[in-house]
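Report on one structure; see the data block that follows.
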Amino acid sequence: MQVTETLNDGLKRGYTITIPAADLAAKVDEKLREAQPEVELKGFRKGKVPMAMLKKQFGPRLMGEAMQEAVDGAMQNHFDASGDRPAMQPKVEMKDGETWKEGDDVVVELSYEALPEIAEPDFTALTLERLVVKADESAVDEALGNLAKQAQSFEDKDGAAENGDQVTFDFTGRVDGEAFEGGAAQDYPLVLGSGQFIPGFEDQLVGTKAGDEKDVTVTFPENYGAEHLAGKEAVFACVIKGVKAPAEAELNDELAAKFGAESLEALKGQIREGLEGEYAQAARAVVKRGLLDQLDSTVSFDLPESLVEAEASQIAHQLWHDENPQVHDHNHGSIETTDEHRKLAVRRVKLGLLLAEVGRKAEVTVSDAEMTQAILAQARQYPGQEREFFEFVQKNPQMQQQLRAPLFEDKVVDMILGKASVSEKEVSKDDLKAALDKLEEEA
Numbered sequence: 001m002q003v004t005e006t007l008n009d010g011l012k013r014g015y016t017i018t019i020p021a022a023d024l025a026a027k028v029d030e031k032l033r034e035a036q037p038e039v040e041l042k043g044f045r046k047g048k049v050p051m052a053m054l055k056k057q058f059g060p061r062l063m064g065e066a067m068q069e070a071v072d073g074a075m076q077n078h079f080d081a082s083g084d085r086p087a088m089q090p091k092v093e094m095k096d097g098e099t100w101k102e103g104d105d106v107v108v109e110l111s112y113e114a115l116p117e118i119a120e121p122d123f124t125a126l127t128l129e130r131l132v133v134k135a136d137e138s139a140v141d142e143a144l145g146n147l148a149k150q151a152q153s154f155e156d157k158d159g160a161a162e163n164g165d166q167v168t169f170d171f172t173g174r175v176d177g178e179a180f181e182g183g184a185a186q187d188y189p190l191v192l193g194s195g196q197f198i199p200g201f202e203d204q205l206v207g208t209k210a211g212d213e214k215d216v217t218v219t220f221p222e223n224y225g226a227e228h229l230a231g232k233e234a235v236f237a238c239v240i241k242g243v244k245a246p247a248e249a250e251l252n253d254e255l256a257a258k259f260g261a262e263s264l265e266a267l268k269g270q271i272r273e274g275l276e277g278e279y280a281q282a283a284r285a286v287v288k289r290g291l292l293d294q295l296d297s298t299v300s301f302d303l304p305e306s307l308v309e310a311e312a313s314q315i316a317h318q319l320w321h322d323e324n325p326q327v328h329d330h331n332h333g334s335i336e337t338t339d340e341h342r343k344l345a346v347r348r349v350k351l352g353l354l355l356a357e358v359g360r361k362a363e364v365t366v367s368d369a370e371m372t373q374a375i376l377a378q379a380r381q382y383p384g385q386e387r388e389f390f391e392f393v394q395k396n397p398q399m400q401q402q403l404r405a406p407l408f409e410d411k412v413v414d415m416i417l418g419k420a421s422v423s424e425k426e427v428s429k430d431d432l433k434a435a436l437d438k439l440e441e442e443a
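Shown next as structure tokens:
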């Protein structure tokens, strides 16, 4: 086998790999000898088929296998010897493939972009600030009040329904005079103003009383999930069977027991702990962004153009779908990338490669237990289908990588933060929210 360099420009590499015909023939003969003991052909006992006949019967197929194995082996030997790591799948083309015949050498052109050499920066020189928010009494009381609303009951009232009241009613919906599937129910409890039904529906029930009959006319949104109803006007015949006013739960130990706490004070303690956990997560997002911004501005190395182009295309594609939510499939033309897409792609590729290299050198890994927790957390988004989701992930390496990547990144970020100089600054929750809003604006 002969390897000749044809391109070495920045990260771009090109090679011509020549595999002698004699090497291929030897590999085919080796495969035939391995298979011979198990082969049976008419007129011959098992294992007694002559090599010449085996070659005539199976030679062409085995030649293809031998050729692929030889090329794969040559590439692997090259990467082992050179130390190159390709940024994306290398491009391999067989030279004179259309005119090649058995007995000719195999010549392939190998081209790829190598991952760059990345010098690890001095993380101890990084200076960052972590925002700290304590849960004050007003925040605890607000959260406690929300829990009380969740635990509220409803009591019968004589008057007309108002926003916040619960109306129990029967309804039948029709489009163009025809009832449609899923458009009817009996004894349905609806809290007016909850936004549970499509816009305009609940407003028209305000003022109704038990025993009233009312037609509610609404138009389904253009992006409604059921395509046959999207944008259509519907009339719902409603029969009001009861109106109840909310009765908020009292803030006492009985309320605390409903949420698994021993007392009201214990419930407040749990709320305070939960709020400060949420604040800490938000503060981590802020300090992580600060870390990435500093790394982006201080670290520089060549980027594989193929990765930048692929990332810019992916960003353009995702943003286009965000702006066109009515398009659910991906059977559309290519989306043109802009300078903004490319700028964001450059940042993502640079930071992604940097964190990956830092993690690789530090031998950062994601454990099976951590992966299991991530899968379970994701599975909770599919109530009743958790087992199916878990099995889907187990059989889907790409999905596993999508779940593993953020875990790996967070572990690398935590490792870097442990080396950096990080001071703490106590702020209000409003200050923290402002910092988060700024992150979203700059994203």
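1 is the number of the first residue of the sequence shown in the UniProt record's numbering; add one for each residue after it. The beta-carbon is built from N, C-alpha and C at its ideal position, and this holds for glycine as well.
(request) Would you list, in sequence order, the uninterrupted alpha helix (DSSP H) runs of no fewer than 4 residues that lie entirely inside the UniProt domain "PPIase FKBP-type" (164–251)? (result) none
(message) Quick check on glycine 83: buried or exposed, where buried means 16 or more other Cβ atoms within 10 Å of its Cβ?
(response) Residue mapping note: residue 83 aligns to position 83 of the sequence shown, counting from 1. Flag for glycine 83 reads exposed.
(request) Note down the Cα distance separating glycine 145 from lysine 395, rounded to an integer number of angstroms. (result) For the purposes of this step, residue 145 is taken as residue 145 along the sequence shown, with counting starting at 1. For the purposes of this step, residue 395 is taken as residue 395 along the sequence shown, with counting starting at 1. Looking at the two C-alpha atoms, the distance is approximately 45 Å.
(request) Quick one: which unbroken alpha helix (DSSP H) runs of 4-plus residues sit fully inside the stretch 346–428? Chain order, please. (result) 368–379, 386–394, 397–419
(request) Going by DSSP, name the residue or residues bridged to proline 86. (result) Position 86 of the sequence shown, counted from the start, is the residue given in the question as residue 86. According to DSSP, proline 86 bridges with Ala114.
(message) In this structure, how does DSSP classify glycine 290 when only helix, strand and coil are distinguished?
(response) Taking the sequence shown and counting its residues from 1, the one referred to as residue 290 is at position 290. Three-state DSSP puts glycine 290 in a helix.
(request) Return the CA-CA distance between residue 450 and glutamine 166, expressed in angstroms with no decimal places. (result) For residue 450 there is no data in the structure shown, the boundaries of the chain being 1 and 443.
(request) State the start and end residues of the unbroken beta strand (DSSP E) segment that holds leucine 126. (result) Here residue 126 refers to the residue found at position 126 when the sequence shown is read from its first residue. It is not in any beta strand (DSSP E) - leucine 126 carries neither H nor E in the DSSP assignment.
(message) DSSP has glutamine 2 in a bridge; who is on the other side?
(response) The residue labelled residue 2 in the question sits at position 2 within the sequence shown. Glutamine 2 is bridged to Thr18.
(request) Give the range of the alpha helix (DSSP H) segment to which valine 140 is assigned. (result) Position 140 of the sequence shown, counting from 1, holds the residue named residue 140. 137–150 is the span of the alpha helix (DSSP H), which, as asked, contains valine 140.
(message) At the level of alpha carbons, what is the spacing between lysine 42 and valine 349?
(response) Taking the sequence shown and counting its residues from 1, one reaches residue 42 at position 42. Taking the sequence shown and counting its residues from 1, one reaches residue 349 at position 349. Each residue's alpha carbon lies about 60 Å from the other.
(message) Please identify the residue among Arg342, Ala280, Asp296, Gln402 whose C-alpha is closest to the C-alpha of glutamate 426.
(response) Taking the first residue of the sequence shown as position 1, residue 426 is located at position 426. Checked all of Arg342, Ala280, Asp296, Gln402; the closest Cα to glutamate 426 is Ala280.
(message) Under 9 Å, Cβ to Cβ, is there at least one residue of chain C near threonine 6?
(response) The chain labelled as chain C is not found in the depicted structure, where only one protein chain is given.
(request) From the DSSP output, in three-state form, read off valine 108 for me. (result) Sequence index remark: in the sequence shown, residue 108 carries index 108 (1-based). Residue state, collapsed to three classes: strand.
(message) So for asparagine 77, helix, strand or coil by DSSP?
(response) Numbered from 1 along the sequence shown, position 77 holds the residue referred to as residue 77. Correct three-state label for asparagine 77: helix.
(request) Count the other C-beta atoms from every protein chain shown that fall within 10 angstroms of the C-beta of glutamate 409, then say buried if there are 16 or more, exposed otherwise. (result) Along the sequence shown, one-based indexing puts residue 409 at 409. Burial call: buried.
(message) I'd like to check one pair, isoleucine 315 with histidine 341: are the Cβ atoms closer than 9 Å?
(response) For the purposes of this step, residue 341 is taken as residue 341 along the sequence shown, with counting starting at 1. For the purposes of this step, residue 315 is taken as residue 315 along the sequence shown, with counting starting at 1. Yes; because the gap between Cβ atoms is below 9 Å, this pair is in contact.
(request) Whole angstroms is fine: what's the gap from valine 364's alpha carbon to valine 106's? (result) Translated into positions along the sequence shown, residue 364 becomes position 364. Translated into positions along the sequence shown, residue 106 becomes position 106. For valine 364 and valine 106, the distance between alpha carbons rounds to 41 Å.
(request) Using the Cα positions of glycine 14 and glutamate 273, report the straight-line distance between them to the nearest angstrom. (result) Position 14 of the sequence shown, counted from the first residue, corresponds to residue 14. Position 273 of the sequence shown, counted from the first residue, corresponds to residue 273. Cα to Cα, glycine 14 sits roughly 58 Å from glutamate 273.
(message) Strictly by DSSP, which residues pair up with valine 92?
(response) Here residue 92 refers to the residue found at position 92 of the sequence shown. BP columns for valine 92 point to Leu110.
(request) Flag this pair as yes or no: are the beta carbons of leucine 354 and valine 299 separated by less than 9 Å? (result) On the sequence shown, position 354 is the one that residue 354 refers to. On the sequence shown, position 299 is the one that residue 299 refers to. Cβ distance < 9 Å, so leucine 354 and valine 299 count as in contact.
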